[in-house]
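**Student:** Order-wise, the sequence lines are chains U and B. Under this note's numbering, the first residue of the first sequence carries the number 324, and numbering increases by one thereafter. Under this note's numbering, the first residue of the second sequence carries the number 1483, and numbering increases by one thereafter.
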Amino acid sequence: MPNLPPRERSHARRLELIVILSIALVLIIIAGVLASRHSSTPGSTPTGIAALSASPSSVSTPPATAVAAFSPAAAVTAPPGYSPAKATAYVREQEAHLTAVARAPHPTKPAYVPLPPQTPGPGPTMPAGLVNHPLPGPFSSDVFLVRNVWTGPVGSTWLQVYAGAARKVPGGSSLGAAGLRIYSMTATGAAMQYLGFFPAPTASGPLSISAVNGTIVQLRTDSGQSLAFNLTSLQYQ
Amino acid sequence: MRRDWWNTDQPSALIAGRILGIVTLLAILIGMARATPALAVQAKPATDWSFYVRYIDPNPGDDYPQAYNLGCNQGHFDASYGQNSEVVLDFGAQDFSGAGGSPGTRLTVVNTFEDYSQISGYAERFAFGYYYCTGTDTTTTLHLGIGTNNSTYNFDRVDYGGGEDWATEVNNIANDVANQGESSQVVVFGASDMELDWHDAASTINWVNGYQAQTSNHLLNFGDAAGCPPSGGCDNQWTVANVYYVSWGDPIAYSLPEIYYSTNAQQWQNISLYGVTSGQSAGKIVFDGPLDQYDLCPSSNTSDQAWNQLWTDINQDSRTASSLTYSAEMHTSNGSSGGC
Chain U
324 MPNLPPRERS HARRLELIVI LSIALVLIII AGVLASRHSS TPGSTPTGIA
374 ALSASPSSVS TPPATAVAAF SPAAAVTAPP GYSPAKATAY VREQEAHLTA
424 VARAPHPTKP AYVPLPPQTP GPGPTMPAGL VNHPLPGPFS SDVFLVRNVW
474 TGPVGSTWLQ VYAGAARKVP GGSSLGAAGL RIYSMTATGA AMQYLGFFPA
524 PTASGPLSIS AVNGTIVQLR TDSGQSLAFN LTSLQYQ
Chain B
1483 MRRDWWNTDQ PSALIAGRIL GIVTLLAILI GMARATPALA VQAKPATDWS
1533 FYVRYIDPNP GDDYPQAYNL GCNQGHFDAS YGQNSEVVLD FGAQDFSGAG
1583 GSPGTRLTVV NTFEDYSQIS GYAERFAFGY YYCTGTDTTT TLHLGIGTNN
1633 STYNFDRVDY GGGEDWATEV NNIANDVANQ GESSQVVVFG ASDMELDWHD
1683 AASTINWVNG YQAQTSNHLL NFGDAAGCPP SGGCDNQWTV ANVYYVSWGD
1733 PIAYSLPEIY YSTNAQQWQN ISLYGVTSGQ SAGKIVFDGP LDQYDLCPSS
1783 NTSDQAWNQL WTDINQDSRT ASSLTYSAEM HTSNGSSGGC
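1) Roughly how many angstroms separate the alpha carbons of D1647 (chain B) and Y1693 (chain B), rounded to a whole number?
2) What does a CB cutoff of less than 7 Å around T1650 (chain B) pick up in its chain, not counting 5 residues either side in sequence?
3) I'd like the span of the beta strand (DSSP E) that includes E1811 (chain B), first residue to last.
4) Start and end of the alpha helix (DSSP H) containing L518 (chain U)?
5) Is the distance from the Cβ of R490 (chain U) to the Cβ of P529 (chain U) below 7 Å?
6) Does the distance from the C-beta atom of A1561 (chain B) to that of T1616 (chain B) stay below 7 Å?
7) Can you name the start and end residues of the beta strand (DSSP E) that E1568 (chain B) belongs to?
8) Can you find the residues in the same chain that come closer than 7 Å, C-beta to C-beta, to V1652 (chain B), ignoring five residues on each side of it along the sequence?
9) Cβ closer than 9 Å: which chain B residues qualify as neighbours of S497 (chain U)?
10) With H, G and I counted as helix, E and B as strand and the rest as coil, what does DSSP make of R566 (chain U)?
11) Take S1729 (chain B) as the anchor and find which of B:A1656, B:D1799, B:I1687, B:V1523 has the nearest alpha-carbon.
12) Which partner residues of S1819 (chain B) appear in the DSSP bridge assignment?
13) Measuring CB to CB, does V424 (chain U) end up less than 7 Å from S1665 (chain B)?
14) So which of U:L421, U:V466, U:W481 has the shortest CA-CA distance to Q1775 (chain B)?
15) What is the DSSP secondary structure of A1735 (chain B), reduced to helix, strand or coil?
16) Per DSSP, what kind of secondary structure is R472 (chain U) in: helix, strand or coil?
17) Put I1538 (chain B) into one of helix, strand or coil per three-state DSSP.
18) Answer with yes or no whether the minimum CB distance from L453 (chain U) to chain B is below 7 Å.
19) Considering only residues of the segment 1635 to 1699 of chain B, which uninterrupted beta strand (DSSP E) runs meet the minimum length of 3 residues and lie entirely inside it, listed in chain order?
20) Between L468 (chain U) and chain B, is the shortest Cβ-Cβ distance under 7 Å, so that the two count as touching?
21) Can you find the residues in the same chain that come closer than 8 Å, C-beta to C-beta, to D1545 (chain B), ignoring five residues on each side of it along the sequence?
22) Figure out for me which residue from U:Q417, U:A513, U:F520 has the closest Cα to the Cα of V1592 (chain B).
23) In whole angstroms, what is the alpha-carbon distance linking L503 (chain U) and G547 (chain U)?
24) Using CA coordinates, which residue listed in B:F1704, B:L1702, B:S1763 is at the minimum distance from G1731 (chain B)?
25) Check distances from the C-beta atoms of the segment 1648 to 1674 of chain B to those of chain U and list, in chain order, the residues that come in under 7 Å.
26) Can you tell me whether N455 (chain U) is buried or exposed, with buried defined as 16 or more other CB within 10 angstroms of its CB?
27) Determine, using beta-carbon pairs with one atom in the segment 1736 to 1746 of chain B and one in the segment 1700 to 1714 of chain B, whether at least three such pairs fall under 8 Å.
28) What are the boundary residues of the alpha helix (DSSP H) that includes V535 (chain U)?
29) Could you tell me whether the Cβ atoms of Y1604 (chain B) and A1525 (chain B) are closer together than 7 Å?
30) My assumption, with CB atoms under 8 Å, is that G1557 (chain B) sits in contact with Y1614 (chain B). Please give the rounded CB distance.
31) So N1636 (chain B) and D1577 (chain B) are supposed to be a Cβ contact under 8 Å. How far apart are they, rounded?
32) Does DSSP classify L1755 (chain B) as helix, strand or coil?
33) Locate the beta strand (DSSP E) running through H1825 (chain B), then write down its first and last residues.
34) Distance cutoff 7 Å, beta carbons only. Does W1789 (chain B) sit that close to anything in chain U?
35) Report, in whole angstroms, the separation of the C-beta atoms of D1597 (chain B) and G1586 (chain B), which I expect to be a contact under 8 Å.
36) Answer with yes or no whether the minimum CB distance from D1679 (chain B) to chain U is below 7 Å.
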């Protein structure tokens, strides 16, 4: 800047400094973003507990650490992402497993021969009656909160009646309509069919079954309200 | 007249201001890109089938053909594709209704009783089917969860003693599998469908502690987080801390959470985040993968949806980011469904 007057030269130097600093700032931000993405994006390394072996997503690659499972001398390391405490527990379990494998016999396997499909027997008759616990049903707790369950014969079929309340949103904490979810099946639980959700006409809060007399289900709500449901007509009375 | 880039008629302050403005805009754009990174979802592996066991053949002389065939199918598949699998056999709630009050379980939904010898026979036959049907392949591995849940039928077994009892059953199955020479390809561990509405947190935690006291085989929670944040407060007076403990905080606990609906993935990300923000020594949860139930309930997530939702939700926050290993889906052992 030899031809510039001192005042302009000073401005120019200031400008030059700003440009250089700006470029440096941009480069630093870009470098930071790249580093951050690299660290927050999971790699392809398997991390599941059960992983003595490689990721199942790499189907064409032999599972590298599964090979290590055959060698008791191989060092066990926890998958990435495990905290030191969790890694210690993981390594302890895997070492115990490898020791057991090393001690176990290793019989030669015969070649794979598929067996014809088997038809299981009919199974035993289901226990009938009222269970005053929230048993697992053929649906998720995310959609219906169970209070109790009745199972038994009605005419020529068996019914399973779950009393409780539906959730407003699957998995959410807010409950919607109180009611019954009813399934039909054979005495062994086969040929199960969902007959539907039967919302109580006037209940507030989840329903519970208090008794079943013949084909009439006596119901109550948390607030003490009583209702009855006919298992033949599938209607509230 | 030559005009150097700094030799302009515009005031220097104006030029400097423009440069600073451009730099600021760039910084904001880059910052936005950082806040909402375009995450590429990890590829989902083939989905492994887990089973609600609905029937165990009462005649052991038949060698549990259903269990053998289910295990054989998995072994043949794994060997063909060179991949490992994680399968849970869910035998239902623990109970004491055998002859003389002997222990066993009530199979889910049908509620028929099976004693521990039947459960062992079924699980070991599944393991044998896997091992045998991998044929010449000796590297693929089945991770087999011996599953129960925290519900109660006749007798409340959700306590410390119930956990010890289940651990002993798991140990027996693991030992038998090892003695049969199958442990190089079959890893046995305990599993429980721990659901918040089926039992209170204190009893369930006692059960986990009892289990841990009797075995080095880990425990896989394949349960739910019903009602938990961000959807509200966890059901049945459970807390996020309770769910975290039985799913990861306990040293032997691992997690294959139910991701049946999109809310579930948010709930589990939040539970994992609790491990980080509350300074738990186990830190974030490294999930084995998502569990779906599409085969039983077509209105719920497919395996692809469950995988994408869980992966996306945990990886949108670097504090909970991790990869997943397995994709699992519940089925019934006899192929029955029933709607949902």
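Glycine residues also receive a C-beta, built at the ideal position from the N, C-alpha and C atoms. A quick note: this is a predicted structure, and the numbers were derived from the prediction, not measured.
**Tutor:** In short, the structure shows the following:
1) 7 Å
2) Q1696
3) 1809 to 1814
4) Note, L518 (chain U): premise wrong, no alpha helix (DSSP H); beta strand (DSSP E) at 516 to 522.
5) no
6) yes
7) 1567 to 1577
8) I1628, V1670, F1671, G1672, T1697, N1699
9) G1709, S1713, G1714
10) Because residue 566 (chain U) is not part of the residues shown, which for chain U are 324 to 560, the question remains open.
11) B:I1687
12) None; S1819 (chain B) has no bridge partner.
13) yes
14) U:V466
15) strand
16) Correcting the residue type first, residue 472 (chain U) is Val in the shown sequence and not Arg. The answer is strand: DSSP assigns V472 (chain U) an E or B state.
17) coil
18) no
19) 1668 to 1675
20) yes
21) R1607
22) U:A513
23) 17 Å
24) B:S1763
25) A1660, N1661, G1663, S1665, S1666, V1669
26) exposed
27) yes
28) Element bounds for V535 (chain U): not the alpha helix (DSSP H) but the beta strand (DSSP E), 530 to 536.
29) no
30) 7 Å
31) 6 Å
32) helix
33) With chain B running from 1483 to 1822 in the structure shown, residue 1825 (chain B) is simply not present.
34) no
35) 4 Å
36) yes
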